[in-house]
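The next block holds one structure in the form of structure tokens; read it before the comments.
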Amino acid sequence: MLSELLISHIGRLRANTALPLHRQLYEALRRAILDGRLRPAARLPSSRELAQDLQLSRNTVVTAIEQLRVEGYLVSRVGSGTYVQDGVPKALRRRPPPGAGQGAGLSRRGQALATSFCATQLEVQPFTPGPADFSAFPSALWQRLQNKHWRMTYPEMLDYSDSGGYAPLRRAVADYLRMFRSAELDTDQVIITNGTQQSLELCAQMLADHQDTVWIEDPAYWGAVKAFMATGLKTHAVPVDAHGMAPSPADERTPPRLIYVTPSHQYPTGAVMSLERRHQLLGIARAQRAWILEDDYDSEFRFGGPPLASLTSLDQDERVLYMGSFSKVLYPGLKLGYVIVPRKLVEAFKQAHYDLNRPGQMPVQAALAEFIAMGHFATALRRARTSYGQRRACLLEALAPCLGAGAWISGAEQGLHLCLRLDDTSDDQAMAGRLALLGLTVRPLSAYCLQRKDVRGLVIGYGYAPLQDIRRFGPMLAGAIQAELRLTTRRAVAGPTSPAPGLAS
Ligand SMILES: Cc1ncc(COP(=O)(O)O)c(C=O)c1O
């Protein structure tokens, strides 16, 4: 239906967040006309109907339509209604989506990379998943440490580094992983990178050839999808269930070279990989001579019990490469993370990392090593864990009235987001679009899916907003979700509706 299309468009109009609603509606309609989804001569529903469907005031709708009429996109016929203008120049129609780069000289890969798959930026609102709260980061202390290390810097510290990173930082990472992730490793296995994204690309470049297959969870972390796309790998989507990645015998007929997983908190559903699955994956990796890439992106924030052992701690064959990042506990702009590589790969990885990425930033790494050694990292982590834990509890409490047969929560034991799962008949994209109109930005779970059509829900973050905002807006979000659930039930009872005339599918 036109209204649903508009709702999801409006929800995605990031650039228009500061714009009044009539302007957002104008943009959504204009885009629908220009990209051909609203065809020439298509009749619009009446302004009253649109206002009702979109839950906007009639004035808002009339203002948007009038503007489009003045600009020649729409035409009104007395007594008959409002239509899409026949003469909207073809050149204007069917423009590639902004950034898609067609005709701009981009490679096919470049075009694919520029096409957003869930990477669409959302307006940052209290429940937007992704961003964390960096307001508690001890900036003054960090600045003192940085100044100190810059004062102490000797010329070699300013050069590229082929050592795998600053030795005391590598030691600190190894100590942390031995202690908290039950990993057995030598310091030499730690390679400091610019973060998980670079760790993924390095692993893909080093361990797989062009057109080799990488198994990836479905739904998936878009950052990993892009890293594999950029390195020319074929992704094979393997469904995730409540126990993590669930490969079937059919999947094994597409043998992987790499298997990318987020076992301690599947991104985005939050499923924790069961021990049985961990052994199954290790068995597949052994049999197929594949490598497992374990992305442990938010294990520092575990609320539902003690930390879980990592997949790498179960690995007897040195087939797992483990990745971590300082993005969540400290801040993403720091651009520091690490990958733990099997002993036999250490020298090759260091050499290639040097040649490909020219790693450096040694004074920053030195400041971070001291930050960890002096206990500041542990303090920052403790504080952040307590604070996020309170926000999570508050959000869960607010969402409690929404839960029932058609809505349940997954993945709330860890991390900075949770999923409100919905049954597979729900239109989570339209729902998220309507919530965005109310200033409640969440991500539809289906937007993370590669192949699947049976996963629906809302990915809700609690990492960004302070507790008082979650307290204030949580009930508002819950109320809006309840209204959505009622709408879904009413629609299910009423049966399927036919698409609006003039709308391209
Ligand atoms: C699944 C997943 N992996 C890794 C990261 C961290 O990546 P980076 O170290 O590149 O900032 C994130 C950040 O949001 C993530 O969601």
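FYI, the numbering for the sequence shown is 274 to 778, going by this note's numbering. Think of the CB as a built atom: it goes at the ideal place given N, C-alpha and C, for glycine as much as any other residue.
Counting Cβ pairs, one atom from each stretch, are 3 or more of them under 8 Å apart for the segment 561–569 and the segment 517–524?
-> Not touching, per the Cβ criterion.
Pick from ALA445, LEU473, GLN470: whose alpha carbon is nearest that of ASP461?
-> ALA445
For ALA493, which option in GLN624, ASP701, ALA544, ALA738 has the closest C-alpha, if you only look at C-alpha atoms?
-> ALA544
To which residues of the same chain is LEU654 closer than 7 Å at the C-beta, ignoring the five residues directly before and after it?
-> GLU573, VAL602
Contact check, TYR661 vs HIS690, beta carbons under 8 Å | no
Can you tell me the Cα-Cα spacing of GLN794 and ARG342, whole angstroms?
-> Outside the displayed range of the chain (274 to 778) lies residue 794, so it cannot be described from this structure.
Expressed to the nearest angstrom, what Euclidean distance is found between the alpha-carbon atoms of ARG287 and THR714?
-> Bear in mind that a pLDDT of 44 at ARG287, under 50, signals an unreliable position, so the model cannot answer this.
Check whether the Cβ of GLY782 sits closer than 7 Å to any heavy atom of ligand 1, and report yes or no.
-> With the chain covering 274 to 778 only, the question about residue 782 has no answer from this structure.
Smallest Cα separation from LEU323: which of GLU757, LEU298, ALA666?
-> LEU298
Within 8 Å (strictly less), CB to CB, does CYS722 reach chain C?
-> Protein chain content of the structure displayed is limited to a single chain, and chain C is not contained in it.
Nearest residue (CA-CA) to LEU476, options TRP495, GLY378, THR336, ILE532 = According to the sequence displayed, residue 476 carries Cys and not Leu. Closest option to CYS476, Cα to Cα, is ILE532.
Does the segment 465–480 come within contact of the segment 620–629, defined as at least 3 CB pairs closer than 8 Å?
-> yes
What does ALA510 pair with, by DSSP beta-bridge criteria?
-> ILE489
Can you tell me whether DSSP reads MET704 as helix, strand or coil?
-> helix
Could you check where the beta strand (DSSP E) with MET647 kicks off and where it finishes?
-> Run containing MET647: none; DSSP gives neither H nor E here.
Inter-residue Cα distance where the pair is ALA678 and SER598 = 37 Å
If we ignore side chains and look at the alpha-carbon of each, how far apart do ALA364 and TYR737 end up?
-> Here ALA364 scores only 45 on pLDDT, less than 50, and its place in the model should not be relied on; the value that follows carries that caveat. Straight-line Cα distance between these residues: approximately 42 Å.
Using the rule of at least 16 other Cβ atoms within 10 Å of the residue's Cβ for burial, across every protein chain shown, is ARG367 buried or exposed?
-> Below a pLDDT of 50, predicted positions are generally treated as unreliable, and ARG367, at 45, falls in that range; the measurement from the model is reported next regardless. Label assigned to ARG367: exposed.
Backbone secondary structure at GLN687 - three-state DSSP | strand
How is the beta strand (DSSP E) around ALA612 delimited, first residue to last?
-> Per the sequence shown, the amino acid found at residue 612 is Val instead of Ala. Looking at the DSSP string, the run of the beta strand (DSSP E) that includes VAL612 is 610–613.
Roughly how many whole angstroms lie between the Cα atoms of ASP359 and ARG316?
-> 11 Å
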